[in-house]
Amino acid sequence: MFDILVYLFETYYTPQACPKAEVLAHKLAAVGFEDEEISEALSWLHGLSESAALHEPLNEPRHAQSTRIFTEYEHQTLGQEAIGFICFLDNSGVLPPALREVIIERAQALNESPVSLTKIKIVALMVLWNHEAEIDHLIFEELITDDEERWSH
Numbered sequence: 127m128f129d130i131l132v133y134l135f136e137t138y139y140t141p142q143a144c145p146k147a148e149v150l151a152h153k154l155a156a157v158g159f160e161d162e163e164i165s166e167a168l169s170w171l172h173g174l175s176e177s178a179a180l181h182e183p184l185n186e187p188r189h190a191q192s193t194r195i196f197t198e199y200e201h202q203t204l205g206q207e208a209i210g211f212i213c214f215l216d217n218s219g220v221l222p223p224a225l226r227e228v229i230i231e232r233a234q235a236l237n238e239s240p241v242s243l244t245k246i247k248i249v250a251l252m253v254l255w256n257h258e259a260e261i262d263h264l265i266f267e268e269l270i271t272d273d274e275e276r277w278s279h
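In our numbering, the protein residues as written are 127 to 279.
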């Protein structure tokens, strides 16, 4: 699924440039993605749209003050790395509070506990891409950097 999400980010400049689900499924299959992986990615993206609708207004100012206390369940499901990265994005001014909540919800939808740093970065990247949020260059670099690759050299 994550390969598909990264492919969409790299292929389509904006979410509006992305074709409807049926057409996208055919395009993804033509590129070589497996049906199960395509179905999983499309379902996750559909959940992203639903989550965004639940957390309106998403266009609130980034400097809006909000304190987020993570529940014990969130600590268990997300893990320290994911929570630390969400807090990093939040403290850097990248995330309005509503988008932070969408990232948390979409990360929990992965049914992976704890969520790896690489995967939380992809989730955050897709949420920000989906909402066409402006991202500072240094933050963007942090989102697309694979930490395993960074430390293996």
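The C-beta atom is built at its ideal place from N, Cα and C for all residues, glycine as well. Just so you know, these numbers come straight off a predicted model, no measurement behind them.
Beta-carbon gap between residue i and residue j smaller than 8 Å
i      : j      : result
Leu251 : Phe135 : yes
Val132 : Ile248 : yes
Ala179 : Leu225 : no
Asp164 : Ile130 : Before going further, note that residue 164 is Ile rather than Asp in the sequence given. It is a contact, given that the beta carbons lie within the stated cut-off.
Gln151 : Leu174 : Checking the sequence, you will find Ala at residue 151 rather than Gln. Their beta carbons are not under 8 Å apart, which means Ala151 does not touch Leu174 by this criterion.
Neighbour-count burial assignment, residue i, 16 or more Cβ in a 10 Å radius
i      : result
Ile209 : buried
Asp161 : exposed
Asn237 : exposed
Val253 : buried
Tyr139 : exposed
Ser177 : buried
His279 : With a pLDDT of 36 at His279, under the threshold of 50, the modelled position of that residue is not reliable, and no figure is offered here.
Gln142 : exposed
Glu268 : buried
Residue i, DSSP secondary structure in three states
i      : result
Ile195 : coil
Ile212 : helix
Gly219 : coil
Gly173 : helix
Thr271 : coil
Lys153 : helix
Ile164 : helix
Val132 : helix
Val241 : coil
Ile348 : The shown model of the chain, from 127 to 279, leaves out residue 348, and the question about it has no answer.
Thr203 : helix
Phe266 : helix
Ala235 : coil
Leu180 : helix
Thr137 : helix
Nearest-angstrom Cα separation, counted from residue j out to residue i
i      : j      : result
Trp170 : Cys144 : 15 Å
Asp216 : Thr193 : 10 Å
Phe211 : Ile230 : 11 Å
Arg276 : Ala147 : Residue confidence is low: Arg276 scores 40 on pLDDT, short of 50, so the model does not pin down where it sits. Its coordinate-derived value is still stated next. Arg276 and Ala147: Cα-Cα distance of roughly 34 Å.
Pro240 : Leu154 : 28 Å
Glu198 : Ala233 : 15 Å
His257 : Val228 : 11 Å
Residue i Cβ short of 7 Å to the ligand MG heavy atom set
i      : result
Asp129 : Ligands are entirely absent from the displayed structure, and the ligand MG is therefore not among its contents.
Stretch pair the region 154-168 + the region 195-208: three plus CB contacts closer than 8 Å: With a cut-off of 8 Å, the region 195-208 and the region 154-168 do not count as touching, because too few Cβ pairs lie within range.
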